[in-house]
Each structure stands twice: as C-alpha cells, then as structure tokens.
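Let me begin by presenting the structure, written as structure tokens, before commenting on it.
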Amino acid sequence: MAWAEAELAQRGLCLVRLAIVAQFDRLQAFYTRLGYRVVGEKRLPSSPHCYLFMEKRLG
Numbered sequence: 138m139a140w141a142e143a144e145l146a147q148r149g150l151c152l153v154r155l156a157i158v159a160q161f162d163r164l165q166a167f168y169t170r171l172g173y174r175v176v177g178e179k180r181l182p183s184s185p186h187c188y189l190f191m192e193k194r195l196g
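Residue numbering for the sequence shown is 138 to 196, as defined by our numbering.
As structure tokens, this is what we get:
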C-alpha cells in the first residue's frame, strides 16, 4: 500500500478512496491502521452486502 500511495501522490493525487464489504472487520482494521477513515456506508441494490467507503489524505 505504501508504494501505491507514494505513486498516487507523485502523480499529484491528494486523496485515496476505497470501498470494502462492511462485514470484513479485519480488512477495516487493516485500512484504519494505515490511516484510512470511514466516510460513508451504503447497501447497493445489486448486492446483498453493505459497503464501507474509506479515504485517506496523501502527503
């Protein structure tokens, strides 16, 4: 993840956003440890899962 974030920052991006299945607590904990925070939650009509949207500012 560090390489990907550095690459994005080098390309001028200042924010990374991602979505994960809300039930994957360990994945949420992983991204939280990397500095991401939950900014939203949504259940999509085409999926039985609820999704968490997370983001992190770069730089």
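Backbone N, C-alpha and C define an ideal beta-carbon position, used for all residues, glycine too.
What are the start and end residues of the beta strand (DSSP E) that includes residue i?
i    : result
Y168 : From DSSP, Y168 is part of no beta strand (DSSP E) but of the alpha helix (DSSP H) over D162 to R170.
L152 : L152 to V158
L189 : C187 to R194
R148 : Run containing R148: none; DSSP gives neither H nor E here.
With a 10 Å radius around its C-beta and 16 neighbouring C-beta atoms as the bar for buried, classify residue i as buried or exposed.
i    : result
V176 : exposed
L189 : buried
Pull up the distance between the alpha-carbon of residue i and that of residue j, whole angstroms please.
i    : j    : result
P185 : A159 : 11 angstroms
E192 : R163 : 17 angstroms
V153 : Y168 : 11 angstroms
A151 : L195 : The amino acid at residue 151 is misidentified as Ala; the sequence shows Cys. The straight-line gap from Cα to Cα measures roughly 5 angstroms.
Exercise. Counting Cβ pairs closer than 8 angstroms, one from the segment 179-186 and one from the segment 140-147, do we hit at least three?
Worked result: no
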